[in-house]
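Counting in the working numbering, the sequence shown runs from -17 upward without gaps. Here the structure is laid out as structure tokens; the discussion comes afterwards.
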Amino acid sequence: MSTQPDQPHVPVIPQPPMTRDALREAVKRLDLARIAEFDRELGEAFDRAVQTTSTTPMRLFLEKWATVVAIERHPGRFHALREAERVTGDPHATDQEFRAAQQTIARILHEASAEAGADR
């Protein structure tokens, strides 16, 4: 994440609308290194949508990236998620630490999904 706020609980950018162009611009501002991943997944979603004659792959793509942006635009949320992910992958973590980290991940994903409008 490249953009840092003056305060850790203040989002570095507003939550964009759930559109391809708005999300791409947000990803570019938050973490330029992820643009290639965004573009690759967009192409894959488009191909699946054509193959299945369904808009579901495109909707899922937009929901995923809106949630990613909702997480990364809050540095505190982003770092808490990364730390919880680190703990869940730590073989030395206690059961209590592992469960707490899982709960943190679930809470952050739920909050970000709701903020992004992806839980509708």
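The beta-carbon is built from N, C-alpha and C at its ideal position, and this holds for glycine as well. Predicted model only: the values in this text are computed from it and were never measured.
I need the boundaries of the alpha helix (DSSP H) containing residue i, first residue and last residue.
i: Thr37; result: It is not in any alpha helix (DSSP H) - Thr37 carries neither H nor E in the DSSP assignment.
i: Thr109; result: Shown here, the chain extends from -17 to 102; a query on residue 109 therefore has no answer.
Since residue i contacts residue j with CB under 8 Å, what's their CB separation in whole angstroms?
i: Glu19; j: Phe43; result: Their Cβ separation, rounded to whole angstroms, is 12 Å, which puts Glu19 and Phe43 out of contact at 8 Å.
i: Pro(-7); j: His56; result: 5 Å
i: Ala83; j: Ala52; result: In fact, because the Cβ distance is near 20 Å, the residues do not count as touching under 8 Å.
i: Leu12; j: Glu54; result: 5 Å
Any alpha helix (DSSP H) of 4 or more consecutive residues that is wholly inside the stretch 7 to 74: 17 to 34, 38 to 54 and 57 to 70
Cβ pair count under 8 Å reaching 3, the stretch 43 to 56 against the stretch 2 to 20: yes
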